[in-house]
Amino acid sequence: MIRIDSEPWAAMVSHARKTYPNECCGAMLGVIEDGVKTVHEALPLENAFAGAQAARYELRPEDLLAADRAARARNMDLIGIYHSHPDCDAYFSETDLKNSCPWYSFVVLSIRNGEFHHANSWLPNAEQTEAAKEELSYE
Amino acid sequence: MAKVLIPTPLRQYTGKQDTVHAPGATVGEVLNALTTQYPDLRKQLFNDQGKVRSFVNVYLNDEDIRYLSKDSTPAKDGDTISLVPSIAGGSAAVAPPAALSNDEILRYSRHLIIPEVGIEGQQKLKAARVLLIGAGGLGAPLGLYLTAAGVGHIGMVDFDVVDFTNLQRQVIHATADVGRKKLDSAAAKMQAINPHVEITKHETALSSENALDILKDYDIVVDGTDNFPTRYLVNDACVLLGKPNVYGSIFRFEGQATVFAYEGGPCYRCLYPEPPPPGLVPSCAEGGVLGILPGTIGLIQATETVKLILGIGEPLVGRLLLYDALGMRFRELKLRKNPECPVCGEHPTVTKLIDYQQFCGVPRQEPVQEKQETRVNEGEIDVTEVKAKLDRGDKFVLIDVREPHEYKICNIPGAKLIPLGEFPKHVGEFDPNADIVIHCRSGMRSAKACAILRQAGFQHVRNMVGGILAWSDKVDPSVPKY
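Just so you know, the protein sequences line up as chains A and B, in that order. For the first sequence, this note's numbering assigns the number 1 to the initial residue and increments by one for each residue that follows. For the second sequence, this note's numbering assigns the number 1001 to the initial residue and increments by one for each residue that follows.
1. What does a CB cutoff of less than 8 Å around A1128/B pick up in its chain, not counting 5 residues either side in sequence?
2. Taking just the CA atoms, how far does I1250/B sit from V1004/B?
3. Identify the continuous beta strand (DSSP E) that holds A1187/B and give its terminal residues.
4. Among P1266/B, C1284/B, A1302/B, which residue has its Cα nearest to the Cα of N1338/B?
5. Taking the C-alpha atoms as reference points, what is the distance between A1211/B and F1228/B?
6. What is the rounded straight-line gap between the Cα of H15/A and the Cα of N47/A?
7. Looking at chain B, is there any beta carbon in it that lies within less than 7 Å of the beta carbon of G80/A?
8. Using 7 Å as the limit for Cβ to Cβ distance, is P1276/B near chain A?
9. Cβ closer than 9 Å: which chain A residues qualify as neighbours of F1055/B?
10. From what residue to what residue does the beta strand (DSSP E) around W157/A run?
11. Note down the Cα distance separating A1396/B from P1276/B, rounded to an integer number of angstroms.
12. Closest to L97/A by CA distance: which of S1086/B, A1099/B, L1100/B is it?
13. One question on the structure: do E41/A and P8/A come within less than 7 Å of each other, judged by their Cβ atoms?
14. Using a Cβ-Cβ cutoff of 7 Å, what residues of the region 38-55 of chain A are near chain B? List them in chain order.
15. With a threshold of 7 Å on Cβ separation, who are the neighbours of I1418/B within its own chain once the five nearest residues in sequence on each side are excluded?
16. State buried or exposed for K1243/B, treating a residue as buried only when at least 16 other CB atoms are found within 10 Å of its CB.
17. Jot down the residue ranges of each uninterrupted beta strand (DSSP E) in the region 1112-1147 of chain B, minimum 3 residues, whole runs only, in chain order.
18. Measuring CB atoms only, is the region 1050-1061 of chain B touching the region 22-42 of chain A, in the sense that at least three cross pairs come out at less than 8 Å?
19. Count the other CB atoms within 10 Å of the CB of L1494/B; is the residue buried (16 or more) or exposed (fewer)?
20. Using a C-beta cutoff of 7 Å, does E23/A count as contacting chain B?
21. On the DSSP letters alone, give me the boundaries of the beta strand (DSSP E) that G1152/B sits inside.
22. Rank R1336/B, D1040/B, D1071/B by C-alpha distance to the C-alpha of Y1272/B and give the top, closest one.
23. Can you grab the Cα-Cα spacing for the pair L43/A / R1319/B, in whole Å?
24. Closer than 7 Å by beta-carbon distance: list the chain B residues that pair up with H85/A, in chain order.
25. Counting only runs of 4+ residues fully inside the region 1016-1093 of chain B, write out the alpha helix (DSSP H) ranges in chain order.
26. How would you list, in chain order, the residues of chain B whose beta-carbon sits under 7 Å from the beta-carbon of T19/A?
27. Ignore the nearest five residues each way along the sequence and tell me which others in I1065/B's own chain have a CB closer than 6 Å to its CB.
28. Classify Y1108/B: buried if its beta carbon has 16 or more other beta carbons within 10 angstroms, exposed otherwise.
29. Please say whether A90/A and A1092/B have beta carbons closer to each other than 7 Å?
30. Once DSSP output is grouped into helix, strand and coil, what is the label at Q1301/B?
31. With 16 as the cutoff for other CB atoms within 10 Å, does D980/B come out buried or exposed?
32. At 4 residues or longer, and completely inside the region 49-100 of chain A: list those alpha helix (DSSP H) runs for me, N to C.
33. Within the continuous beta strand (DSSP E) that includes I1105/B, where are the two ends?
34. Counting pairs of Cβ atoms below 8 Å between the region 1198-1208 of chain B and the region 1167-1184 of chain B, do you hit three or more?
35. DSSP on L25/A, reduced to helix/strand/coil?
36. Please classify V1479/B: does DSSP put it in a helix, a strand, or coil?
Set out below in structure tokens:
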């Protein structure tokens, strides 16, 4: 399961609302203890998708590398990626799946009319053929 | 030994270590040593074929090794190798497979029984969105065959109308279509072949202002244009949007095809960083083209498009296919991605669309004017005045700078034939004070000849506006136009 502290959660929702009607994306830093992931910090990253961003996002590998370094520097780990689905449910789309990585939790925030609606966390497999829903809690 | 930074989720396979030192002279060797040391890690990083998984980017210090020497990139002591996933996504579903109706299953049955295509492949074709730039020579076979093959959504960009001179090769248009918009003519034929295909007509000249907006809704762009500004525009827009550009070009008896801007592959600018000087490479209208040729090249483009959609075979990426119809030979040139490429290189300087007319040194095209209203500027002369001079028996020299085979099609009696290519050698034969009028087919080549004479100090040189085409329109309709 994945727990998101209130501060990073507020930052993620605010990021998603700010970029609405486009998608936002970012990294989640935290710790893993006894199989429970706890997010202590959200790191908003730039949506680098070249083209309409209302329904697409892309992370620059360099940004991810920097996020990983930032996590190490703060004695945390890069444990997840978040992005928003403007005016859509927080499903894990085919596009999400085909561009995913099994190493992280993928938190999707559904934003409707500019306001947070609901969220889910997903764990894709290495073959990028399916993603399991992960228990998610946030404050 | 280089050190490898292990991402958190993989540390369970490295005994919880976040940094592992592994021997090897190259990045490939280091990764091999690493995964030999920690076999469970191998499955995470490599697929069953032993290739690094598609979502894993390998960085040496701050550089992606794809842009260095890939696996053979040298690794030194103190170097840091990082494993960085590539992550993207979005709510945009890669459209859920569109179910095929019984009519469609029957129609596509010869596809469905090929194991490499099958129902799944046909559904991919149906879900695909392909944009054809140009509904002319290359666009004709592309439009017909991609429609027949069941590409679900085809867009076409064109603003031209069908002309008699198109019919020798643009087989999507019929004689009765002359004067009709090419888009309407082409769409009607395509819809008649396959009513299941959705066709979008973009009746416009592709420009820096509209290109990204038009291209963004398509998966694959097929370039069937015959001018350099549009070619660079299509290339740059495809690179910026990350869409493959299925390229083809034709001239007389020869053609070329390749796929540009495909992930990791070269783009048009990697091959040709700079456009040729304006006028050096003639277009089909200027140089002619064997009518069958665009069929061959257009269908190579169509084949590559279908392969890209189906994800089968070996795409024509990094290879320029050259076709010589006279020798009936295909050759292949290797193309490499240029790390210095101004648009797809490591440090791109072209990050948005530019003014391609200016880049190619082509003057911006004036809005099309009615032929009758052709303006006559300084240094130019109207065909009717040339006719009057001939009728009056004025003393002047009329020079035709076309080719001998064009002269045979039609000519103006009394004109002296000197093809433009040989023209500079003959400059000395004329009196610099003589009254000289030069013509060609449409006025382009004669303008160059005029410039040559003026540079040589000739005072009274005029270009016959509109060439022999205007002569046929305004002076003598019995002269055929070509």
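We treat Cβ as the ideally placed atom computed from N, Cα and C, and that holds for glycine.
By the coordinates alone:
1. Take A1128/B, set aside five residues on each side of it, and the residues of its chain with a beta-carbon closer than 8 Å to its own are V1151, G1152, H1153, D1219, I1220, I1309, in chain order.
2. When rounded, the distance between both Cα atoms is 50 Å.
3. That residue, A1187/B, is in no beta strand (DSSP E); its alpha helix (DSSP H) goes 1182-1193.
4. Comparing C-alpha distances from N1338/B to each of P1266/B, C1284/B, A1302/B shows the shortest one belongs to P1266/B.
5. Going from the Cα of A1211/B to the Cα of F1228/B covers about 15 Å.
6. A straight-line Cα-Cα distance of about 11 Å links H15/A and N47/A.
7. Not one chain B Cβ lies under 7 Å of G80/A.
8. Chain A has no Cβ within less than 7 Å of the Cβ of P1276/B.
9. Within chain A, the residues whose beta carbon sits less than 9 Å from that of F1055/B are N99, S100, C101, P102, W103, A126, Q128, listed in sequence order.
10. Residue 157/A lies beyond the stretch modelled for chain A, which goes from 1 to 139, so this question has no answer here.
11. Rather than Ala, the amino acid found at residue 1396/B in this sequence is Phe. The alpha-carbon atoms of F1396/B and P1276/B are separated by roughly 36 Å.
12. Nearest of S1086/B, A1099/B, L1100/B to L97/A, Cα basis: S1086/B.
13. Here E41/A is near P8/A, since their CB atoms are less than 7 Å apart.
14. Residues F49, A50, G51, A52, A55.
15. Here the set comprises I1399, V1401, H1426.
16. Burial check for K1243/B: the Cβ neighbour count within 10 Å reaches 16 or more, so the residue is buried.
17. Annotation note: the region 1112-1147 of chain B contains the following uninterrupted beta strand (DSSP E) runs of length 3 or greater, listed N- to C-terminal: 1129-1133.
18. Taking one beta carbon from each stretch, the region 1050-1061 of chain B and the region 22-42 of chain A have fewer than 3 pairs nearer than 8 Å; the two do not touch.
19. Residue 1494/B lies beyond the stretch modelled for chain B, which goes from 1001 to 1482, so this question has no answer here.
20. Yes, contact with chain B.
21. Segment: none, G1152/B is in no beta strand (DSSP E) and carries neither H nor E.
22. The shortest C-alpha to C-alpha distance from Y1272/B to any of R1336/B, D1040/B, D1071/B is the one to R1336/B.
23. Distance between the alpha carbons of L43/A and R1319/B: 42 Å.
24. Listed by position along chain B, the residues whose Cβ is nearer than 7 Å to that of H85/A are S1091.
25. Whole alpha helix (DSSP H) segments, 4+ residues: 1027-1037, 1039-1045.
26. Residues of chain B passing the Cβ test: none, with the nearest at roughly 12 Å.
27. Residues V1027, V1058, T1073 of the same chain have their beta carbon placed closer than 6 Å to that of I1065/B, with the five preceding and five following residues left out of the count.
28. Flag for Y1108/B reads buried.
29. Contact: no.
30. Reduced to three states, the DSSP call for Q1301/B is helix.
31. Residue 980/B is absent from the structure shown; chain B starts at 1001 and stops at 1482.
32. Runs found: 61-73, 94-98.
33. DSSP places I1105/B outside any beta strand (DSSP E); the residue lies instead in the alpha helix (DSSP H), whose first and last residues are 1102-1107.
34. Yes, the region 1198-1208 of chain B is in contact with the region 1167-1184 of chain B.
35. Checking the displayed sequence, the identity of residue 25/A turns out to be Cys instead of Leu. In the three-state reduction of the DSSP assignment, C25/A falls in the strand class.
36. Coil.
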